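Below: the structure, in structure tokens.
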Amino acid sequence: MAKELSIFVDESGDRGGKARYCLLTLVFHDQADSIAEAVTGYEAKLARADLPSIPFHPEPLMNGHRDYEFLGIEQRKVMLA
1409 MAKELSIFVD ESGDRGGKAR YCLLTLVFHD QADSIAEAVT GYEAKLARAD LPSIPFHPEP
1469 LMNGHRDYEF LGIEQRKVML A
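All residue numbers for the sequence shown refer to my numbering, where the first residue is 1409 and numbers rise by one.
Below, the structure written as structure tokens:
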């Protein structure tokens, strides 16, 4: 069986182009290695904290936009901590 490597890329930076730095995140995942246990643990922590299981995006989280518009400021602070 051939191995399959997935590469996930995400960037974060100033949309206005004025920031001196940009953050680039690379995640390499061998598809033969299950991440089910890690995902289950993460979802359980969210449930214990009474937080929604939604994709993490810092800018809309900080500003209460998109998926985060229904969350109060205190819940959003907990998600950032």
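Every residue, glycine too, gets a C-beta built ideally from N, C-alpha and C.
Quantities reported herein were computed from a predicted structural model and do not represent experimental measurements.
In three-state terms, what does DSSP make of residue 1445?
-> Counting from one through the sequence shown, the residue named residue 1445 turns up at place 37. Three-state DSSP puts residue 1445 in a helix.
So what's residue 1419 in DSSP terms, helix, strand or just coil?
-> Counted from its first residue, the sequence shown places residue 1419 at position 11. In this structure, residue 1419 counts as strand in the three-state DSSP scheme.
With DSSP run on the structure shown, which of helix, strand or coil describes residue 1469?
-> As a working mapping, residue 1469 is identified with position 61 in the sequence shown. Three-state result, residue 1469: helix.
Can the beta-carbon of residue 1454 be found closer than 7 Å to that of residue 1461?
-> Residue numbering aside, residue 1454 sits at position 46 when the sequence shown is read from its first letter. Residue numbering aside, residue 1461 sits at position 53 when the sequence shown is read from its first letter. Yes, the pair counts as a contact, with Cβ atoms nearer than the cut-off.
Own chain residues within Cβ distance below 6 Å of residue 1445, not counting five before or after = As a position in the sequence shown, residue 1445 is number 37, starting the count at 1. Correct list: empty, nothing qualifies.
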